[in-house]
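Take 51 as the starting number for the sequence shown in the numbering used here and just add one per residue.
Glycine included, C-beta positions come from ideal geometry on N, C-alpha and C.
One structure is given here, and the rest of the page talks about it.
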Amino acid sequence: MDVHPIPQNVTSFQFKLVGDMTLKQFMYLAGGLGIAYFLFVLFAHDYPLVWPFIIVIALLGIGFAFLPIESRPLDHWLAAFLKAVYSPTKRVWKKNGQTYKEDPLFGSRLVMFMSALQPQSTTLPASPAPAASETFTAKPEPIAQNSGALPAEAVQTASAAPLPTREELGKTVDLARQAQQLQMKIIQSERTLSHIKEQADKPTSIPVDYTQEVNKILADLQNLINQASTVKQQIQKVGEDHQQKPPAPTPQPVIKEKVKVVIPIKPKRTTIALTTFPNVINGIVKDAQNNYLEGAVSVIFDKEGLPVRALKTNKLGQFTGSTPLPNGTYTLELEKDNFSFDVLQIELTGGVLPPLLITAK
């Protein structure tokens, strides 16, 4: 059996251009040995101390070419070492000193939106809910448990207050939308005033006059409050007009005819022959409630007490043998968990036996 080849890193594959060496290995080997030979020719005879340098340079060239560590060449480890030594290991964050202008309205836009959704506020009190929001549900009357007939009457109850018309609903929705928009504008104006107050309280080298801007915002705020009060009065007026309408007449109860429930008569079950062969013991097993018993074991014994057949009932409680038995006297015993049966004695005379109807105690 051939050994499966070891997977290799194909992304860093290098072609062997010089014999069994790659071009990179050849350059390392040629460079190291060439420098060592150059030092040997020029300085070895006159300076004996050059010999250690010659040997080290030659070994470095051979090592860089043919000595990998953990499947990586020495130049990779040398580059990683130099990078780890000279790379900074500590960095300090410095603030650039640039200041950014903060808009209080933009920063609090979520708070303003959530405040506008709230129905109650100190500036704009909540208006009473329109009459259309009141719903009345009537619980259905329980049906009497009577097998002969259904209830004679089914009374339908209606709400006493009339339902609002489509025009009233549309007007109420428009007024509520206007109130919400006015509430958002009022909150924005209050936020702007708070921001101006904070700016005015800060000490500055050049005084700034905010009088005109504050007066303008106050005038707009008073106008918004007046509009909100008007919308509130209109919503209250719509609710009062709807409540003054006369209630709708209560519909008369609908009387239903009595319906007689007819219980279908179950057809009587007819006995079907389970086999056409003579001397074949068969039967149907049921419980006390006349339900078929599945999985009941029927054991047939001869007159010596030896078992000659062992049968099991199907989903319909039926059991039947596959081969006839010799003429004689036999005993039938049945077994089923949580059930008990009588022991039956059967006499076979060579005729076709009808199904035995066996009921558990």
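Using three-state DSSP, classify residue i as helix, strand or coil.
i: PHE93; result: helix
i: GLU397; result: strand
i: VAL402; result: coil
i: SER279; result: helix
i: GLY345; result: coil
i: ALA86; result: helix
i: ARG141; result: coil
i: PRO102; result: helix
i: VAL358; result: strand
i: PHE116; result: helix
i: LEU407; result: strand
i: ILE350; result: strand
i: LYS252; result: coil
i: ASN273; result: helix
i: VAL264; result: helix
i: ILE331; result: coil
i: LYS336; result: strand
i: VAL205; result: Low confidence applies here, because VAL205 scores a pLDDT of 42, under 50, leaving its location unreliable; read the following figure in that light. DSSP places VAL205 in coil when its eight states are reduced to three.
I want to check one thing, is the minimum distance from the CB of residue i to the heavy atoms of the ligand ATP below 6 Å?
i: LEU243; result: As far as ligands go, the structure on display features none, and thus does not contain the ligand ATP.
Tell me which residues share the same chain as residue i and place their Cβ nearer than 8 Å to its Cβ, disregarding the 5 neighbours each side in the sequence.
i: ALA94; result: VAL100, TRP101, ILE104
Quick check: what's the CA-CA separation for residue i versus residue j?
i: PHE389; j: ASP352; result: 24 Å
i: ILE267; j: LEU243; result: 7 Å
i: TYR97; j: LYS144; result: 56 Å
i: LYS386; j: ASN377; result: 28 Å
i: THR280; j: LYS287; result: 11 Å
i: ALA130; j: ILE85; result: 25 Å
i: ILE408; j: PHE391; result: 8 Å
i: LYS74; j: PRO138; result: 31 Å
i: GLY289; j: ASN265; result: 37 Å
i: ILE396; j: LEU375; result: 12 Å
i: LEU113; j: ARG122; result: It should be pointed out that residue 113 corresponds to Gly in this sequence rather than to Leu. Going from the Cα of GLY113 to the Cα of ARG122 covers about 12 Å.
i: ASN364; j: ASN340; result: 16 Å
i: THR254; j: LEU160; result: 31 Å
i: SER177; j: ALA269; result: Caution applies to SER177, whose pLDDT of 46 falls short of 50 and renders its modelled position unreliable; the model cannot decide the point.
i: LEU275; j: LEU232; result: Note that residue 275 is Ile in the sequence shown, not Leu. In a straight line, the C-alpha of ILE275 is about 8 Å away from that of LEU232.
i: LEU219; j: ALA250; result: 47 Å
i: LEU398; j: ALA338; result: 28 Å
i: THR326; j: VAL402; result: 6 Å
i: LEU412; j: LYS362; result: Coverage of the chain is limited to positions 51 through 411, which leaves residue 412 absent and any answer about it impossible.
i: LEU167; j: ALA229; result: 10 Å
i: GLN283; j: GLN277; result: 10 Å
i: ILE285; j: ASN146; result: 55 Å
i: ARG141; j: LEU132; result: 19 Å
i: PRO328; j: PRO404; result: 10 Å
i: PHE90; j: ALA80; result: 15 Å
i: TYR78; j: LEU92; result: 21 Å
i: THR72; j: PHE116; result: 10 Å
i: ALA360; j: GLY400; result: 20 Å
i: GLN170; j: ARG227; result: In this prediction, GLN170 scores a pLDDT of 46, lower than 50, which makes its location untrustworthy; no coordinate-derived value is stated.
i: GLU263; j: LYS252; result: 17 Å
i: THR379; j: LEU324; result: 21 Å
i: VAL106; j: PHE76; result: 18 Å
i: HIS54; j: ASP70; result: 23 Å
Considering only residues of the same chain and omitting the five flanking positions on each side of residue i, which have a CB-CB separation below 6 Å?
i: LEU384; result: ALA346, SER348, PHE391
i: VAL330; result: GLY371, PRO374
i: VAL358; result: ILE350, ASP352
i: GLU354; result: none
i: LEU394; result: LEU382
Once you ignore the five residues that flank residue i on each side, which residues in its own chain have a CB closer than 7 Å to its CB?
i: GLN148; result: none
i: LEU83; result: ALA108, GLY111
i: TRP127; result: ILE119
i: LEU271; result: ILE236, SER239
i: LYS221; result: VAL288
i: ASP125; result: PHE114
List in chain order: all unbroken alpha helix (DSSP H) runs of 4+ residues lying wholly within the stretch 369-395. DSSP runs (the alpha helix (DSSP H)) wholly in the stretch 369-395: none.
Should the stretch 363-370 be regarded as contacting the stretch 334-341, the criterion being three or more beta carbon pairs within less than 8 Å? Yes, the stretch 363-370 is in contact with the stretch 334-341.
With contact counted as at least three CB pairs below 8 Å, one residue from each stretch, are the stretch 252-260 and the stretch 230-239 in contact? With the cut-off at 8 Å, the stretch 252-260 and the stretch 230-239 do not touch.
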